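Residue numbers for the sequence shown follow the working numbering, so the first one is 2 and each next one is one higher.
Here's the structure, in structure tokens; my notes come after.
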Amino acid sequence: MKTPAAVTRIFDALDRHHPGADTELVHRNAFELLVATMLSAQSTDARVNLVTPALFDRFADPAALRAAETAELETLIHATGFFRQKAKALIGMAAILVEQHQGQVPPSMAALTALPGVGRKTANVVLGHALGVPGLPVDRHVLRVADRIGLAHGDDPVAVETQLGKLLPPARWTRASDTLILHGRRICKPKPLCSMCQLTRDCDFFRTGVTTKPKKRVTR
Ligand code: SF4
2 MKTPAAVTRI FDALDRHHPG ADTELVHRNA FELLVATMLS AQSTDARVNL VTPALFDRFA
62 DPAALRAAET AELETLIHAT GFFRQKAKAL IGMAAILVEQ HQGQVPPSMA ALTALPGVGR
122 KTANVVLGHA LGVPGLPVDR HVLRVADRIG LAHGDDPVAV ETQLGKLLPP ARWTRASDTL
182 ILHGRRICKP KPLCSMCQLT RDCDFFRTGV TTKPKKRVTR
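So, in structure tokens, the structure goes:
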């Protein structure tokens with residue numbers, strides 16, 4: 002269990018490491034971020050960002066996407082993988098936005114996760130980055146980095162989201178997630194670059210060489 006002072010030091014250090022941390026998915030509004038985040042499943046932000054300009058040119062809003070021809074949509078998103086499931090989910094999502102939400106992205110976890118292809122992580126991304134509602138997305142980077150530091154433990158993203166949420170005021174949730182994700186991508190990689198990290202003082206993994214998960218050791 003980290004002290005409040007340690008928690009503050011940790012997230013301040015993450016802020017210093019990753020100033021301006023934000024989602025790397027390019028978007029202009031909540032609808033575009035919802036689509037981009039759905040496409041990012043089993044893909045990368047960079048790959049999604051390659052396909053979304055043409056996609057958003059062709060289908061600029063939920064009404065247009067709802068009326069999309071499946072084959073055309075599949076071609077546009079093919080590079081992100083799982084394109085058949087994603088195309089079906091996108092058209093279904095757009096239909097519900099039009100039919101139940103006046104063509105708007107609803108600013109609530111319950112309404113977002115009722116959309117096809119939208120899980121809690123995707124909903125948190127959209128809430129926190131495009132709708133002004135605190136959200137704390139937990140992906141594999143957040144799971145790994147939070148576990149190593151000793152902020153939260155477990156493989157269940159919802160449980161880790163709850164643990165992290167208790168450490169910080171809601172206003173800091175989204176930025177905390179962004180910095181943990183970037184830290185996991187850039188420094189606290191599967192093979193961590195501890196010599197480049199400003200969190201060593203408060204990191205359980207650095208001090209002990211182990212996490213709560215067995216067989217995760219590194220040579221520093
Ligand atoms: S000290 Fe090492 S293990 Fe700990 S957060 Fe930094 S990079 Fe990750």
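We put the CB at the ideal spot given by N, CA and C, even for glycine.
A quick note: this is a predicted structure, and the numbers were derived from the prediction, not measured.
Query	Result
Among A88, A55, F83, P54, the one whose alpha carbon lies nearest that of E70	A88
Three CB pairs or more closer than 8 Å across the segment 35-50 and the segment 77-96	yes
I97 - DSSP class collapsed to helix/strand/coil	helix
Neighbouring residues (CB closer than 7 Å to any heavy atom of the ligand SF4)	V146, R149, I150, H184, I188, C189, P193, L194, C195, C198, L200, T201, C204, F206, F207
Cβ neighbour criterion (16 or more within 10 Å) applied to G21	exposed
Nearest residue (CA-CA) to T53, options E73, R67, A64, V27	V27
Per-residue burial, K192 [other beta carbons within 10 Å of its own, 16 or more giving buried]	exposed
Inter-residue Cα distance where the pair is L74 and L56	8 Å
D205, enclosing alpha helix (DSSP H) - first and last residue	205-209
G185 - DSSP class collapsed to helix/strand/coil	helix
Alpha carbon of K216 to alpha carbon of H154, nearest angstrom	Reliability of the predicted coordinates at K216 is poor, the pLDDT of 42 falling under 50, and the value obtained from them is presented with this limitation in mind. So the alpha carbons of these two residues sit roughly 15 Å apart.
Length-filtered (3 minimum) beta strand (DSSP E) runs lying within the segment 97-179	none
Opening and closing residue of the alpha helix (DSSP H) in which H18 lies	5-18
Sequence-distant residues of the same chain with beta carbon closer than 7 Å to R221, five excluded per side	Annotation note: pLDDT 34 at R221 (below 50); position unreliable, no value reported.
Sequence-distant residues of its chain with Cβ nearer than 7 Å to G104 (five each side left out)	D62, P63, A64, L98
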